[in-house]
Structures are given as structure tokens and as C-alpha cells.
Amino acid sequence: MVSPQMPKADDQEERAALQKLMTLLLRHTVVLVRTDAPGRGSGFVIPWNGGVRIVTARHVIEKGEWAVEALDSSRGTDAPPLTERDVWNIPLADRETLRLRLRPDPASLNAVKDDIAWAWFDVDRDALAADPKAKSWSVPQYSGPLDAVATDGEVYAFAAANRDEVHDVARAVVREVSWEAYMTLTALDANGLILGLARDHQGHAFYRGASGAPVADRTGTIVGVLVGPGNGANELRAASLERFIRAMRQSEARS
Numbered sequence: 000m001v002s003p004q005m006p007k008a009d010d011q012e013e014r015a016a017l018q019k020l021m022t023l024l025l026r027h028t029v030v031l032v033r034t035d036a037p038g039r040g041s042g043f044v045i046p047w048n049g050g051v052r053i054v055t056a057r058h059v060i061e062k063g064e065w066a067v068e069a070l071d072s073s074r075g076t077d078a079p080p081l082t083e084r085d086v087w088n089i090p091l092a093d094r095e096t097l098r099l100r101l102r103p104d105p106a107s108l109n110a111v112k113d114d115i116a117w118a119w120f121d122v123d124r125d126a127l128a129a130d131p132k133a134k135s136w137s138v139p140q141y142s143g144p145l146d147a148v149a150t151d152g153e154v155y156a157f158a159a160a161n162r163d164e165v166h167d168v169a170r171a172v173v174r175e176v177s178w179e180a181y182m183t184l185t186a187l188d189a190n191g192l193i194l195g196l197a198r199d200h201q202g203h204a205f206y207r208g209a210s211g212a213p214v215a216d217r218t219g220t221i222v223g224v225l226v227g228p229g230n231g232a233n234e235l236r237a238a239s240l241e242r243f244i245r246a247m248r249q250s251e252a253r254s
């Protein structure tokens, strides 16, 4: 089987589809910031038993204090257009962020062998409701299926705003995006999904801070959580969302 390739510059239809998918992924992916030391990760929010959970890589939140960045909904969440070098830059000039503290669910930390866990929001909801600055801020929530399984023949992608660069001349902060598209399932083991890349591995620094980002198919249906490198030089690893959700449902049924 021939592996899918990145779209050529003149393939406008395919590039438009890729742009649409990246916009969707960036809309679902939240930025996690460590508040007691330098650190950054990614994640996504799902509904759960009348509340919400923030799903991410276990290694991101098992140590230290973490918070989620809420977004100003008035700014929108569309990804800027693809550049010739296929880099998304999200300008953050004059941008403020509202950080919502997280508290990991201890039961989720060892629910499965996969590197995946979830957390609750640990905030004073009354104080937040009374804060006029907080009224325009929101956290995106994924509402798709939680039991989708990665399959052969499908392609997968992720996108995470994982790096900030300060531009003194422009007096702005530019948030750069780590991303991959057209990844294919090459193996499934007890520790997660192995995904083959459609282009060369971009170097570990490129992906740092993207751990916890949702991995989704072309429709935006999430099947896993990005956790790190795969077995080979041109692979990444993701934790299985379906396996984790199944384990958490069983755990809560027993308690």
C-alpha cells in the first residue's frame, strides 16, 4: 500500500480540505500551562456525567501544577491560511489569557497502560461567575464520539499551538503550531497507537508542548492523544482514547 503524501502546492482542493481540518483541530485543542515551573502541554475537553473532563497525556499532568488557557471567544478560533512553508502562525498581540487551574483525577492516572489521563477544573466557580473579565472567555468542548477506533486505511492528524515567539519589532507574540497530517496506523500495542508520518520527522523541539493534543481522522473524530515518538524514526505514538474511556467507565461502575 502506498502511504498518503502531503498535498502539492498546486493541489488547491486538497489544501483547502487540510486547512479546514487544521482549523477544526485547533478549535478542539486547548493549551495547558504549568504554573509552578516552566512547562507546556496540550489537551481537549469532553463532556462527562453532567460535567467535563480535560483529557491529555499522563506524563503532562502527573507532576506539578497545571492550568488550561481559556480563550476570548470574540477573537474566533479559525486557523490562519496555510503559508508556502505550511506553518500556521497565530498572532497574539494584546492578547490576555484566563488560566483555569486543573486537578488530575487520581483514578485516571493508571487506568490503562497508555500514556493518557484526565483532570477536573479546580476553580472557584462563584468567583469566576462574578468576574466581568471572565464572561467573554470560553474553553472549547469536543462533542463527537468517544469510542472511535483507529483503523487501517484511514489518515490522521493533530495540531497544537505549542510554541510562542516574542517579536520585539512588531511588539507581538506569535504562537506557532506543531502539526502533522496524513498519518497512518502502522501498529497497535498495549501502550497505544503507532502512527507513520507522511513527511520527515520535524525534530523533537517541533513537537515539544504538543503532548496531549487530540489525534483525529479527516472528519475531526478523535481516536487518540498524542504522547511522543513512536518505535521508528518517522513515527509518533498516540494513546487510544477508546481504550481509556472504556477503562474509566468500568472503574466508575465498580466504585
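Just so we're aligned, residue 0 is where the sequence shown starts under numbering that gives the first Met the number 0, counting upward by one. Built from N, CA and C at the ideal position, the CB exists for glycine as well.
Query                                                                                                                                                              : Result
Candidates THR220, ILE244 and PHE243: which alpha carbon is nearest TYR141's?                                                                                      : THR220
Can you give me the Cβ contacts of ALA149 inside the same chain, cut-off strictly under 6 Å, excluding the 5 residues immediately before and after it?             : LEU184, LEU192 and VAL222
Would the beta-carbon of ARG39 fall within 8 Å of that of VAL32?                                                                                                   : yes
Which value, in whole angstroms, describes the spacing of the CA atoms of ILE60 and MET21?                                                                         : 25 Å
Of the choices VAL138, ASP188, TYR206 and VAL226, whose alpha-carbon is the least far from that of ALA69?                                                          : VAL138
Check whether the segment 98–109 touches the segment 144–158, counting contact only when three or more Cβ pairs, one atom from each stretch, lie closer than 8 Å.  : no
With distances taken between CB atoms, is the gap from HIS58 to SER210 smaller than 8 Å?                                                                           : yes
Taking the continuous alpha helix (DSSP H) assigned at ALA22, which residues delimit it?                                                                           : Per the sequence presented here, residue 22 reads as Thr, with Ala not at that position. Start and end: 11–27.
Apply the 10 Å Cβ neighbour rule to ARG236 and answer buried if 16 or more other Cβ atoms are within range, or exposed otherwise.                                  : buried
For VAL44, I'd like the list of residues in its chain whose CB is within less than 6 Å of its CB, leaving aside the five on either flank, ordered along the chain. : VAL51, ILE53, VAL138 and GLN140
Please tell me whether LEU196 and ASN230 are closer than 8 Å, where the distance is taken between their beta carbons.                                              : no
In the DSSP assignment, find the beta strand (DSSP E) that holds ILE53 and state where it starts and stops.                                                        : 50–55
So, is ASP114 buried or exposed, given that buried needs 16 or more other C-beta atoms within 10 angstroms?                                                        : buried
Could you pull the start and end residues of the beta strand (DSSP E) that ARG198 belongs to?                                                                      : From DSSP, ARG198 is part of no beta strand (DSSP E); its letter is neither H nor E.
If PHE205 sits next to SER177, beta carbons under 8 Å apart, how far is it from one beta carbon to the other, in whole angstroms?                                  : 6 Å
Taking Cβ positions, are ALA66 and LEU99 nearer each other than 8 Å?                                                                                               : yes
Between the C-alpha atoms of PRO37 and GLY63, what's the straight-line distance to the nearest angstrom?                                                           : 10 Å
With DSSP run on the structure shown, which of helix, strand or coil describes ARG217?                                                                             : coil
Which whole runs of the alpha helix (DSSP H) in the segment 221–253 are 4 residues long or more, in chain order?                                                   : 240–253
Going by C-alpha distance, which of GLU12, GLY42 and ASP216 is nearest GLY208?                                                                                     : GLY42
With a Cβ-Cβ cutoff of 8 Å, do PHE157 and VAL226 count as a contact?                                                                                               : no
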